[in-house]
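Number of protein chains: 4
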Amino acid sequence: MAKGPPIHYASYLKLDRLLSLQEPESARHGRPAHDETLFIIVHQVYELWFKQFLHEIDSVRSLFRQDRVAERDMGLAASRLHRVAEIAKLLIDQLSILETMTPLDFLDFRDLLSPASGFQSIQFHDLEMKFGVQLDPAQMEHRQRNLGSTRADSAADVNPSLFTLVERWLERTPFLDFRGFNFWSAYRSAVTAMLERDEKAIATHPSLSDSDKEQEKRELAKTRESFDALLDKERHDDLVKKKHRRLSHKATQAALLIHLYRDQPAFHVPFRLLTTLVDIDELLASWRHRHALMAFRMIGTKIGTGGTSGYGYLRSTVESRKVFTDLANLATFLIPRSALPSLPEHVEKSLGFAFEGSA
Amino acid sequence: MAKGPPIHYASYLKLDRLLSLQEPESARHGRPAHDETLFIIVHQVYELWFKQFLHEIDSVRSLFRQDRVAERDMGLAASRLHRVAEIAKLLIDQLSILETMTPLDFLDFRDLLSPASGFQSIQFHDLEMKFGVQLDPAQMEHRQRNLGSTRADSAADVNPSLFTLVERWLERTPFLDFRGFNFWSAYRSAVTAMLERDEKAIATHPSLSDSDKEQEKRELAKTRESFDALLDKERHDDLVKKKHRRLSHKATQAALLIHLYRDQPAFHVPFRLLTTLVDIDELLASWRHRHALMAFRMIGTKIGTGGTSGYGYLRSTVESRKVFTDLANLATFLIPRSALPSLPEHVEKSLGFAFEGSA
Amino acid sequence: MAKGPPIHYASYLKLDRLLSLQEPESARHGRPAHDETLFIIVHQVYELWFKQFLHEIDSVRSLFRQDRVAERDMGLAASRLHRVAEIAKLLIDQLSILETMTPLDFLDFRDLLSPASGFQSIQFHDLEMKFGVQLDPAQMEHRQRNLGSTRADSAADVNPSLFTLVERWLERTPFLDFRGFNFWSAYRSAVTAMLERDEKAIATHPSLSDSDKEQEKRELAKTRESFDALLDKERHDDLVKKKHRRLSHKATQAALLIHLYRDQPAFHVPFRLLTTLVDIDELLASWRHRHALMAFRMIGTKIGTGGTSGYGYLRSTVESRKVFTDLANLATFLIPRSALPSLPEHVEKSLGFAFEGSA
Amino acid sequence: MAKGPPIHYASYLKLDRLLSLQEPESARHGRPAHDETLFIIVHQVYELWFKQFLHEIDSVRSLFRQDRVAERDMGLAASRLHRVAEIAKLLIDQLSILETMTPLDFLDFRDLLSPASGFQSIQFHDLEMKFGVQLDPAQMEHRQRNLGSTRADSAADVNPSLFTLVERWLERTPFLDFRGFNFWSAYRSAVTAMLERDEKAIATHPSLSDSDKEQEKRELAKTRESFDALLDKERHDDLVKKKHRRLSHKATQAALLIHLYRDQPAFHVPFRLLTTLVDIDELLASWRHRHALMAFRMIGTKIGTGGTSGYGYLRSTVESRKVFTDLANLATFLIPRSALPSLPEHVEKSLGFAFEGSA
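Protein chains in written order, with numbering that gives the first Met the number 0: chain A, 0 to 358; chain B, 0 to 358; chain C, 0 to 358; chain D, 0 to 358.
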């Protein structure tokens, strides 16, 4: 039971102030446009969700800033990222409401808003930076121009990003070389053996034509090539330097380990967490994609609110602003359970719960 | 091109004020609960959508207040109600975000909010009243107790409700008795003929057993009974008095006319509008249902925030607060196209576009 | 690389046969109704999803049939139940397609289908039974009449249901009395202390009026009463006998333990699994609810396909067919983290991972 | 009441056959993979929805094949396209079920399916062709290779596509030059006047700096340029030849007319229909996008089932396979209601309902 004075719904939510923040420009100009209220409310709701998104990402970043992330904090981090994913889903669902406004309705007040633009959302910028988006120089300049001087007001601490913190956490995992089990050399052997089996299978296949065999061999060569680029640290580092990869070699190893042995209790939550990061990445990409489509439909290829030819720019950012592509890409390097090196018993036991060992 | 000074995104949306309205009680009490921010933001977002919902319903009500609703205004009304339906959908989708908060997390700050409760939302109350919800005395008393003195502040003009305005508009339709075509007597004859055909079909059915025939006859009797209650104005009025029906006899006739001849151009938009009203009604019912489930899961059957045993009350309101049940119920009285009286040619022409007649 | 002959998409999916299974009755009767194809396909798709639902539930049931569920199998069970929840969501989404068919369109062929009805779906019946739905005698008789003789063909092994298996698994948990820590007595003390604190807080509250204090006391008495009914095994058993509760006293204790200490690594997956069971229960309830609404809208209150007055029956089943209500109801008995007895260190260690202890 | 023998749910839906069409390859190879059932069912469900999609598109195409589309058929076409949009939405929702299968689970049976691939779906190919997708030669060759000889079996009549039929219907509209009102010259004058107003507003703006004025002038020049390319038929035709536009000049005029005067009763349904076509286009694009993301996540950049490096190919098709881009692009050419030439009264009357004129 609370000891303080009773709380009322309206004052708790500060409704009088909240509901007085919608002041259409069109009304101020003496020609009220019915749909401008919708336009304002949709964007205010977006900003409220961005705030919640930041609240969760900040809390997860602070959990991951610890030198050693306690296991119970892992569960917390996974839950909060799951919430972020749900918010990202809602951002998408919400577009269907804005889409009920037609371009002609938008034209009734669009000119009055110039040059305001969603590109000026500081919260969205911070959200991307904190998640780990990397802008190339042109994008960054575009962003800076839009955020303008207001940016200075925000002292957002965006570093290290969630990407960096997760990368470091992966690199710290003790299981890459654990009590005599070296994951990387076991994995390398398994891959080599698998590729040799495939090579033999092609050579001795009873029903493949010669040209089909050549085709299969070419594909196998490509597969081998892509595994080589992973297994060789130097080549991986080179790909990172060229920005074809982003995740460090060691962190990639750890992520693979978790994916391949995700059935082990100790990897349940880490696996879920990595998967959720990829989910969020894809949801944000889908949101950018759908948002670009909607903007295109609303303003055509004309110069957008904000002076940028919106659609072209938006569209170009859908893929380039993804953060955890290397995690999504792990599928390339998974090997079937049947080819997977089995863990030594004492390692498997370590990855289980303490009470089991003693049972 | 705007002539005024340039507008900035943040000032247009009043972001500094908007984003300063989240002040968790738990922080004020010195034991910040991470999830209270979510709780506040979710409810603020709900209130913003309620405001938009009211904005649309108010505009549709004002369109329908005209003595004669211009045809182009019908299209506008249908679009705005479609938007309301989209908002109602989002209210439901949004629950999945609140559901990421577990009951244990809620317990961290729930006691501090007492006795604040969603039942104190004036906007939601107004929204229901304006849509046409009728509360029975017990519900109304419950509502008044919750809204309390704050209610006085709101001078919301909730009458006539959308239900009443739509009912009046239906009653005014000129087509019930139009240039020699009396819809109700044509419909009555068609129903009578259909039921007689069915009676004969049962009697002469080649393969039905006697007991099956008896069963079919009993069902036919029930069907006849339910048509009779519709066709007889006095019986219908009596059902209205007993609150088993709500829509007046004349409005019901008009709604049936629109449903049966909805392929006629003049009925396209009216049919869509009536359908959307039922959609909104169902979406709000689904929202209440899902909301009740969530509240149950969050607080159990314990006394809820706000001093009411939330779930029981919420659950009881899912059905009773529906407004357009009689429209949803029209399916009961539809007759197959093959049994439908065909319109006289000059009537059909009147329901088409002017340019067609002259083509 | 596969060793067999190449597989083709169409033959793998048996598309020629699959796509030949849609034979509208209306076409057979010489008056093809456009929408009957939709009606058939929607229901065939439902049956395919029911099959998948059964596939997952069966696999989870077989995992839980083991005397001791291996921890890695727990992760598997949780994932598969998550998939079931996703399927249940889709069942709901799918209704929006059927809703594009209007009642008048349905009338074009409805009579031809008599007395076929969704109540005759054996897979859906099995799915409910395997999940753990309990039908009262009237419902069961209704069901049997609809399933009719065809039921004999299905030798579905529906026992023990998932509910029963989960109950048994909960009862087997070793942690209720573990190395000197007796959960139930610790919980009882914590509840007693919390209620006493509340009692004192009311008595000494500085600003409550006397009548408010009386009101608070009455509510506290109800809360105490509901905790008493849980803490006293005999009273709980009595509630079970009267069908006000379903989950055994011991299983309820275990479920509470998992909810209260869900942050412990060993409880992460069990907590998720229990939550998902409640999710599925609610999704099925939502589906029944929305489905009832749709049926109502499609056929009114008229006698439905299948000779039952569909809506009334459907509506009545929404709540009564829930299975895991007692898990959803656990919120009633949670106590704030601040009041929670902390685990002895050696118990907490046991609930962590083996590698942590040795680190 | 039906006259025939009673129909049973299971036989109506041919459930015995339907539910026997799931035969996992992994089981045939003696190492059953639990998730292959899901894989089969998901794809069979997709094919059932494709069939329904085709059923609707075919019916709309046949409505539009008439020399003059009756107004009541327009309503029918709009409803059926709305259903297609709902199906397209479900295709997207359904991905969330397939996403519950992890890459490692897929690896358990992926090799056995080689080289089967979704690219071999004839129904999907037909669906795209009938909707109006144009494949470039490389895409078409790729498609042909995948569909292979089985294609011959399908005598699908894909021409004229829905795109072509809609284009022809737009070109036939009588309102471009109607009773003395020439839309195109009125539109041209309005555009010219608007651009001149903008030019003057820049020149005389009280607070713009010189460099801002230069910037505004450059943007205005671009806007003028893009209107010119529309207003000049030859330039438009040239853009069509270069495949930068697809919709003919006359059809574009008609589509613009409908968008600008969509409040007129006669344009309600046409406007809705055009909007729904763009919706479907976008939904299919979103589906391709999300599907590509999922495939990437499932198989990485490795050579996909079907021998194509799936993701790259899929991704490249998201935009290029859109059909109604020119309709989506109309926003570029809308002018504010305030600048819109008002219709002569007798034209406005013609676009209303016949009964209004006589009222």
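Here a beta-carbon is modelled for each residue, glycine too, at the ideal position from N, C-alpha and C.
Check whether residue i and residue j have beta carbons under 8 Å apart
i: R70 (chain C); j: G74 (chain A); result: For the sequence presented, residue 70 (chain C) should be read as Glu rather than Arg. No, they are not a contact pair.
i: V190 (chain B); j: I334 (chain B); result: yes
i: F63 (chain B); j: L126 (chain B); result: no
i: P102 (chain B); j: R296 (chain B); result: yes
i: R144 (chain D); j: L134 (chain D); result: no
i: E46 (chain C); j: S116 (chain C); result: no
i: S184 (chain C); j: R289 (chain B); result: no
i: T275 (chain D); j: H81 (chain D); result: yes
i: V41 (chain B); j: L97 (chain B); result: yes
i: M100 (chain C); j: L20 (chain C); result: no
i: F180 (chain D); j: L342 (chain D); result: yes
i: L169 (chain A); j: A265 (chain A); result: no
i: I257 (chain D); j: L283 (chain D); result: no
i: G131 (chain C); j: T172 (chain C); result: no
i: F49 (chain A); j: Q122 (chain A); result: yes
i: H54 (chain A); j: H267 (chain C); result: no
Residue i at chain D interface by Cβ criterion, 8 Å
i: Q119 (chain C); result: yes
i: A151 (chain B); result: Its pLDDT being 47, under 50, A151 (chain B) is placed unreliably in this model, and the coordinates cannot settle the point.
i: L350 (chain B); result: yes
i: E140 (chain A); result: no
i: Y186 (chain C); result: no
i: E281 (chain C); result: no
i: Q51 (chain C); result: yes
i: P114 (chain C); result: yes
Rounded distance between the beta-carbons of residue j and residue i, thought under 8 Å
i: D107 (chain D); j: S25 (chain D); result: 7 Å
i: L161 (chain D); j: I86 (chain D); result: At roughly 15 Å, the Cβ-Cβ gap does not stay under 8 Å, so L161 (chain D) and I86 (chain D) are not in contact.
i: I39 (chain C); j: P23 (chain C); result: 7 Å
i: D92 (chain D); j: D92 (chain C); result: 5 Å
i: S349 (chain C); j: A353 (chain A); result: 5 Å
Min CB distance residue i to chain A below 8 Å
i: D92 (chain B); result: yes
i: V44 (chain B); result: yes
i: H235 (chain D); result: no
In DSSP terms, what residue i is bridged to
i: F352 (chain C); result: A:F352
Short CB-CB distance (under 8 Å) between residue i and chain B
i: E35 (chain A); result: no
i: H267 (chain D); result: yes
i: I86 (chain A); result: yes
Interface flag, residue i vs chain C, CB-CB below 8 Å
i: I298 (chain B); result: yes
i: L292 (chain B); result: yes
i: N328 (chain B); result: yes
i: Q122 (chain A); result: no
TODO: Starting from the N-terminal side, write out each stretch of the alpha helix (DSSP H) that is 4 residues or longer and does not extend beyond the region 166-217 of chain A.
DONE: Runs of the alpha helix (DSSP H) spanning 4 or more residues and lying entirely within the region 166-217 of chain A occur at 182-202, in chain order.
- [ ] With a floor of 3 residues, list each beta strand (DSSP E) that falls wholly inside the region 96-141 of chain D, ordered by position along the chain.
- [x] You should have found no qualifying run.
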